[in-house]
DNA sequence: CAAATAGTGTCTATAAGACAGTATTTG
DNA sequence: CAAATACTGTCTTATAGACACTATTTG
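Chains as they are written, first to last, in full-length UniProt numbering: chain A, 1 to 294; chain B, 1 to 294.
What follows is the structure, encoded as structure tokens:
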């Protein structure tokens, strides 16, 4: 039975959550977007190593940069028929990465790109309502949140800032995110991405892994941005600040302050780096999912 | 590449956590204990179905009984060399079962038995100190916790109450829990069991799955016993009681009361059944692991 | 009846959230 | 200087844990 690894690599670009996708060149789902992945080299590498290898191949990261990426196993998927060609079990991995250089095509010349999660058709499993913007200004949102399949299409490969804060042509100015042409994914990858997002949302509650989305030094405001982007809801700035600093081992001060203050004024924020805690205690609980799962 | 499923099935017997193991008849690790499992029927069943099938085969459970068993995917293990014969990826599952009839040999005539978790050599990854019993005396070491491999040995298969509160022959009366002949497991199964225990300890914090270890109707005291056995530490009876009843959807009253009171006196406890919550909110946090993972 | 035990009441410490206030920076 | 904004102070409410107490049952 064939065994592959697939990686759900998440990063934040311009305040919006993005996932690394590749465009399929070959047969099933040709032209559709899929998770980066490939066959495990049986007997020659561990599953973890295979996932790291695939991730490196698609992102062009070297070993040093890879160290700053968090990579963990997400789960395995093996429903009969998930690949029309043959029975395949895939072991999915979840990666949290700081803002990386643009993706590059994998070794096999396929196109690779960071695509906003909000642009994907996850079969209704989005859960996190799109962030009602905190401040008047958009904190999260995604000017760039909706690349259309055709735009990202075949052959384009790497195209500079396709997901950068440049309005992608539609922008009806209104925010009503009319379910507008969501990108479908190949195979069962929509379910895998949805599971990855669920995991990510839960994981940053009780681990300091939100810091893995940021550079080595960061401000509390940036950290709050990570939570808001992943949870999709605004957090109370003051309370968040105090909470982060009060959890032992979450962050430690560098003593320095950011180069400049807020975009339109305000003091310069202090800089922190990740602390030595592996678990947050007490945890940062998500704002009421109102007893969600009952 | 070969793909198997292995099941870490947990249950409570006489107040101690037990895991279902089979004795290996065939070559690698012959005579050693291993997790029940087997090859996935490629293209003909899902991973979940394969795990359920393997569990049913070893326990002799019919579909009705299986419904009361919680089964979830734990993770996949594929280090090269984990099976000396060939490269094998195994997808591990975790099961929580109420006290079941004795295990029976699998279809392949191997012996199967419920073995106390405390008797296993998990490579130091036990974490949960054995419950210091609430009273002054000893701290570690439950009476029944140490069946010796030879006793459970080959061919014996089902032997009634091997883990019942009958001192297993050694009992030097002293508590010094000399690392006394812990059972080794085949392959990397010790690591898998340890991961399963970690998952179980975490899962009962924020889900009502502790009820999966009990009969359909149970008392709060029994439920507390589940937590104490899995976490390995005593809980405050009064506070636990109030907490369980205050979490919405955790348990619901049946109106009835238990047939009799405590062993040595006391009122008859009220009976409850599992409620409709999928998540506990607020969660039942483990007593201080004192910032454990820092 | 004495001891054990299910269940409840109360008090304190901690934590979360709402809200307001201060000082610092940008344009 | 006005507006924005990083950060801190304070108050209220929810929760966790320690402890004490009542009522019911067993031997």
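Even for Gly, the Cβ is constructed at its ideal location relative to N, Cα and C. Note that this is a predicted model, so its numbers are computed, not measured.
- The beta-carbon distance between residue 122 of chain A and residue 194 of chain A, rounded to whole angstroms, is 5 angstroms. This is short enough to meet the 8 angstroms contact definition.
- At least one CB of chain B lies nearer than 9 angstroms to the CB of residue 77 of chain A.
- Leaving aside the five residues that flank residue 237 of chain A on each side, the residues in its chain whose CB is nearer than 7 angstroms to its CB run, in chain order, 224.
- Residue pairing by DSSP places residue 18 of chain B opposite B:11 and B:116 in a beta bridge.
- Taking CB atoms only, residue 44 of chain B has a neighbour in chain A less than 9 angstroms away.
- If the five residues before and after residue 279 of chain B are omitted, its C-beta is found closer than 7 angstroms to the C-beta atoms of 206 and 207, all from its own chain and listed in chain order.
- At least one beta carbon of chain A lies nearer than 9 angstroms to the beta carbon of residue 3 of chain B.
- Interface with chain A (9 angstroms Cβ-Cβ cutoff): residue 35 of chain B is excluded.
- The alpha carbon of residue 249 of chain B has as its nearest neighbour, out of B:229, B:211 and B:215, the alpha carbon of B:211.
- Taking 8 angstroms as the upper bound for CB-CB distance, residue 244 of chain A and residue 12 of chain A are not in contact here, some 17 angstroms apart.
- Counting only Cβ-Cβ distances below 8 angstroms, residue 84 of chain B has no contacts in chain A at all, with the closest Cβ about 11 angstroms away.
- In terms of Cβ geometry, residue 91 of chain A and residue 6 of chain A form a close pair [threshold 9 angstroms].
- Within 10 angstroms of the beta-carbon of residue 257 of chain A lie fewer than 16 other beta-carbons, which makes it exposed.
- Residue 38 of chain B is positioned such that its CB atom lies no closer than 9 angstroms to that of residue 43 of chain A.
- For residue 10 of chain A, the number of other beta carbons within 10 angstroms of its own is at least 16, and it is reported as buried.
- Per the coordinates, the alpha-carbon of residue 204 of chain B lies some 20 angstroms from the alpha-carbon of residue 75 of chain A.
- With distances taken between CA atoms, residue 84 of chain A lies nearest to A:186 out of A:282, A:186 and A:273.
- Setting aside the 5 residues that flank it on each side, residue 40 of chain B is surrounded in the same chain by 3, 4, 5, 47, 50 and 91, each with a C-beta closer than 8 angstroms to its C-beta; the list follows chain order.
- Within the model, the alpha-carbon separation for residue 45 of chain B versus residue 52 of chain B is close to 10 angstroms.
- Runs of the beta strand (DSSP E) spanning 3 or more residues and lying entirely within the stretch 217-294 of chain A occur at 251-257 and 270-274, in chain order.
- In this chain, the beta strand (DSSP E) harbouring residue 71 of chain A covers 70-77.
- Under DSSP, residue 91 of chain B forms a beta bridge with B:5 and B:76.
- One finds 42 and 43 in chain B with Cβ atoms closer than 7 angstroms to the Cβ of residue 87 of chain A, taken in chain order.
- In this structure, the straight-line span from the alpha carbon of residue 240 of chain A to that of residue 181 of chain A is close to 35 angstroms.
- Taken through DSSP and simplified to helix, strand or coil, residue 97 of chain A comes out as strand.
- In the DSSP annotation of this structure, residue 123 of chain A is not part of any alpha helix (DSSP H), being labelled neither H nor E.
- Nearest CB-CB separation between residue 80 of chain B and chain A: below the 9 angstroms threshold.
- For residue 37 of chain A, the three-state secondary structure derived from DSSP is strand.
- At a cut-off of 9 angstroms between C-beta atoms, residue 91 of chain B counts as an interface residue with respect to chain A.
- Beta-bridge partners of residue 183 of chain B (DSSP): B:120.
- Excluding five sequence positions before and after residue 56 of chain A, the CB atoms of its chain that fall closer than 7 angstroms to its own CB belong to 66, given in chain order.
- Annotation: the continuous alpha helix (DSSP H) that includes residue 197 of chain B extends over 189-206.
- In the DSSP assignment, the residues bridged to residue 23 of chain B are B:33.
- Annotated three-state conformation of residue 62 of chain B is coil, per DSSP.
- Excluding the 5 residues flanking it on each side, residue 252 of chain B has same chain C-beta neighbours closer than 7 angstroms at 272, 273 and 275, in chain order.
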